[in-house]
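Residue numbers (my numbering): 3 to 326. A virtual CB, placed ideally from N, CA and C, is assigned to each residue, including glycine.
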């Protein structure tokens, strides 16, 4: 007597048959069938092709003694000479050191800040107060770095309001805006003030996707606010945290250009020269196109390698990562 078929096996078999039917369709039929979807994707594809993939060909300058009036074709190839000269420059290693120090400070202070703020906002009971605070903390994101730096100067500069107030009470903090010793913490504080609220959006959305039944069950078992955060909220948003951390590692050598360029002269290049400003001053200002492109290429390769390594590490711990 024949056994009844398992419904899951029947679904898998039907799925395989549909896939085979789709594969057997000629390419022109599939293009005709999906033309609306393809046209919808075309602007995005053209945008990435023109502004992200086509400029990659310009990295050939890193292997040339590039002269703008000769162009790519006639500029002589010099092999790895630009990389060798770059690695021999003390200014390059100073820029790398400053970049890594700023990145480490930002990973410790800036990266967890939106998570902590999202947890605090999520714990608010009143929806009106929650929305008001969200609106207030989102606003600094829309200010330009010129405005943000000017505001910090008005508060923490030599004649700033906080500096003057502290001096009137016998406390001297000097001019924080021109102090090379505190510069790295200063730009981290500026980044937190400007973008911390905006960064909470993705974490609040991730928290909203957690089943509320878990919180109710935990509350009935006597779990307090901190225990619910530790055992429910943080595990629930862990994949998002890891994904953003992996993406941040890919930009580990990008710590901001405009923000640092605006304040570089005030504290000096020894404290404020980073990879982005090094490439700008040696490439655009000094006209050393080959060496600055070599620095930019090294930065991209290191970021790509870090993304691959971090994604692989995430898979080892059973997480989805950025891709499979």
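| Asked | Found |
| --- | --- |
| Whole-Å CB distance - residue 208 paired with residue 242, under 8 Å assumed | 4 Å |
| When 281, 215 and 247 are compared against residue 310, the one with the closest alpha-carbon | 247 |
| 8 Å Cβ cutoff met for residue 91 and residue 78 | no |
| Boundaries of the alpha helix (DSSP H) in which residue 201 is found, first to last residue | 185 to 210 |
| Cutoff 7 Å; reference residue 236; Cβ partners in own chain excluding five residues on either side | none |
| Own chain partners of residue 74 with C-beta closer than 7 Å, once the 5 adjacent residues on each side are dropped | 62 |
| Contact the stretch 191 to 199 vs the stretch 109 to 125: 3+ CB pairs below 8 Å | yes |
| For residue 300, the first and last residue of its enclosing alpha helix (DSSP H) | 291 to 318 |
| Between the CA atoms of residue 173 and residue 345 - distance to the nearest angstrom | Because the chain in this structure spans residues 3 to 326, residue 345 falls outside the shown range and cannot be described. |
| Strand pairing of residue 85, partner residues [DSSP] | Looking at the DSSP assignment, residue 85 forms no beta bridge with any residue, so it has no partner. |
| Ranges of the alpha helix (DSSP H) found wholly within the stretch 82 to 144, counting only runs of at least 4 | 83 to 89, 92 to 107, 114 to 125 and 129 to 140 |
| CB contact flag (residue 186, residue 107, <8 Å) | yes |
| Environment of residue 49 [buried if 16+ CB atoms lie within 10 Å] | exposed |
| For residue 118 and residue 60, the rounded distance between their alpha carbons | 41 Å |
| Among 282, 296 and 250, the one whose alpha carbon lies nearest that of residue 312 | 250 |
| heavy atom of the ligand PLP below 7 Å from residue 297 C-beta | Of the ligands one can find in the structure shown there are none, so the ligand PLP has no counterpart to examine. |
| The stretch 272 to 286 in contact with the stretch 295 to 310 per 3-pair CB rule at 8 Å | yes |
| DSSP beta-bridge partners of residue 216 | DSSP output for residue 216 lists no bridge partner at all. |
| Proximity to residue 320 [Cα-Cα], best of 261, 245 and 293 | 245 |
| Straight-line Cα distance separating residue 127 from residue 145 | 29 Å |
| CA-to-CA distance, residue 204 to residue 3, given in whole angstroms | For residue 3, the pLDDT reaches just 47, beneath the cut-off of 50, and the residue's location in the model is therefore unreliable, although a value from the coordinates is still provided. So the alpha carbons of these two residues sit roughly 56 Å apart. |
| Contact the stretch 259 to 275 vs the stretch 177 to 193: 3+ CB pairs below 8 Å | yes |
| Backbone CA spacing between residue 156 and residue 81 [nearest angstrom] | 49 Å |
| Residue 42 - DSSP class collapsed to helix/strand/coil | helix |
| C-beta atoms of residue 123 and residue 132 nearer than 8 Å | yes |
| Where the alpha helix (DSSP H) through residue 279 begins and ends | 277 to 281 |
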